[in-house]
Amino acid sequence: MNDTEARLKITKQVSVTRQKVVIAKANLLELVTQYSDSDRLIGEFLKRMDAQMPEKIILNPEVDPLPNIAKAAESISWRAAASEAIWELIHSNAIIPTTPDLLDGSISIQWTTVYQRSGGQSSGWSFDEYSVPVPRKLTIPPSRKSSSIELFANPDLYLHNLDIPNLHPDIEMALREAVRCFRYELFTACATMLGKVSEGTWLELGDALVQVLSPSDAMQVRKQKEYLENPAYGIGKKIEVVVSLFERQDIYLHISENSGVSVQELRTAASWSNTVRDSRNTIHFGVQPSVPNNYEKVAALLLGAVPYLQIVYRVISACKTRENAYRLTSTSRGEDESE
């Protein structure tokens with residue numbers, strides 16, 4: 326393999342995904358409390374990702390260059406993601422530059438055909454197409470050093486902290502909008518989007534609790550199922566019905582045990598949702614919330630969404646796991662009978 330082919334292999338493996346940028350943002354925001362120099366900040370991040378650039382790539386028939394080529398591509402990918410993440414964090418005022426000059430962000434790696442004292446040639450490649458200059462020194466804004474609430478003023482960081490892999494796409498979109506509204510101090514709009522999040526989550530949970538039941542158990546809760554399917558009932562009533570379903574531990578004990586969620590925990594999540602609903606109802610003319618939709622209240626609702634949504638989605642996940650296992654068992658039994 327010659328140097329032109331090796332460089333082409335590296336560029337083909339470079340991948341700067343949205344996921345990488347989100348991971349970089351979360352890590353850099355933590356590391357910037359220890360390192361203000363951008364070069365070292367990015368270097369420490371690359372260590373965390375086990376993505377340091379190889380010292381050199383040996384292009385000699387006696388050595389397989391592919392592992393180091395892959396390592397170089399991974400390092401370039403994470404470095405570019407980190408640089409992009411820095412600018413996004415600056416844009417959202419999560420970090421600020423403390424000097425006007427920029428770190429050029431140049432990316433290069435050495436290659437050689439020399440191996441074990443054999444003759445050959447050496448040179449290097451630059452990857453300017455992936456270079457993103459960033460401010461040389463960074464810090465956390467003074468107004469945010471004393472508050473963790475501000476860390477949730479960025480949708481990517483908020484969802485990264487939420488860490489729910491099976492989050493419904495519509496709920497994810499509503500959460501992103503809620504965080505954006507909070508960032509621009511549109512507190513009632515933020516509460517409204519949280520209301521959509523709450524409503525969608527409970528409806529999804531209600532459906533999961535019904536779908537997981539065997540035909541005989543489903544007959545015992547047919548009235549609650551009718552409530553959930555009736556569009557005439559509001560979300561407040563439907564949340565009550567979902568909680569009452571889960572309270573039937575004679576039916577849902579296995580779901581409670583598999584999810585690690587108790588009835589009391591689900592009731593607590595319902596209380597959060599009721600507070601969100603009270604805040605959201607101010608979109609109706611003449612309706613006032615029991616507590617004004619100010620910074621402190623809506624920030625608390627956003628922060629509270631993290632543990633409460635995790636509780637609900639643990640139950641949803643347990644239901645779907647149980648439902649899939651039941652279907653597989655039923656299919657297997659059907660196949661056995663046919664044989």
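Oh and the sequence shown: position 86 is 411 in the numbering used here, straight run, nothing missing.
Beta carbons are placed, not taken as given, at the ideal position from N, Cα and C, and that holds for glycine.
Can you name the residues that DSSP bridges to residue i?
i	result
Q435	K381 and G449
I421	T464
L427	P460
Hey, could you find the ends of the alpha helix (DSSP H) residue i is sitting in?
i	result
M518	F512 to Q536
Q338	D328 to Q338
G611	Where G611 is concerned, there is no enclosing alpha helix (DSSP H), given that its DSSP letter is neither H nor E.
V601	V588 to R605
N393	L391 to H416
Q545	P540 to Q545
I489	Looking at the DSSP string, I489 is not in any alpha helix (DSSP H), and its letter there is neither H nor E.
G561	I560 to F571
E582	Q574 to S584
Spatial neighbours of residue i within its chain, please: C-beta separation below 7 Å, excluding the five flanking residues on both sides.
i	result
I415	I421 and P422
A406	V341, K345, V346 and A349
E660	Residue confidence for E660 is low, a pLDDT of 43 falling below 50, so the modelled location carries little weight; the figure read from the coordinates is stated next. Closer than 7 Å at Cβ, skipping near neighbours: no residue.
I474	In this prediction, I474 scores a pLDDT of 49, lower than 50, which makes its location untrustworthy; no coordinate-derived value is stated.
S400	L371, A376, Q377 and M378
R505	P480
Y558	Y552
N393	P379 and I382
L356	L366, E369 and F370
List the whole-angstrom C-beta distance separating residue i from residue j, where the pair is believed to meet the contact cut-off of C-beta under 8 Å.
i	j	result
V601	A516	7 Å
Y577	V566	Y577 to V566, Cβ: 14 Å. No contact.
E387	Y440	5 Å
A630	V522	7 Å
A594	V637	6 Å
Y360	L354	12 Å between Cβ atoms; not a contact.
V339	A398	5 Å
W403	M374	5 Å
R639	S569	Not a contact, Cβ separation roughly 19 Å.
Q435	K396	Contact doesn't hold; Cβ gap of about 14 Å is too wide.
V537	R573	Contact doesn't hold; Cβ gap of about 12 Å is too wide.
L428	V459	5 Å
S448	D328	7 Å
I489	L626	At roughly 17 Å, the Cβ-Cβ gap does not stay under 8 Å, so I489 and L626 are not in contact.
I444	T437	It is worth fixing the name first, because residue 444 is Gly in this sequence and not Ile. The pair is not a contact, with the Cβ atoms about 11 Å apart (cut-off 8 Å).
I641	E529	6 Å
To which residues of the same chain is residue i closer than 6 Å at the C-beta, ignoring the five residues directly before and after it?
i	result
D426	R461
S581	none
R605	A516, T517 and G520
A590	The identity of residue 590 in the sequence shown is Glu, whereas the question assumes Ala. If we look at E590 and ignore the five residues flanking it on each side, its Cβ neighbours are I636.
H485	V347 and A351
Tell me which same chain residues have a C-beta within less than 8 Å of the C-beta of residue i, skipping the five on either side of it?
i	result
G525	H493, D495, I496 and A499
N599	G561 and I564
S451	S431, I432 and S433
R592	V568
A543	V535 and K550
E409	V341, V346, A349 and V457
Give a yes or no on whether the minimum CB-CB distance between residue i and chain D is below 8 Å.
i	result
P494	As a matter of chain content, chain D is missing from the structure shown, which is built from one protein chain.
Contained beta strand (DSSP E) runs [length at least 3] in the segment 343-383, N- to C-terminal order
Whole beta strand (DSSP E) segments, 3+ residues: 381-383.
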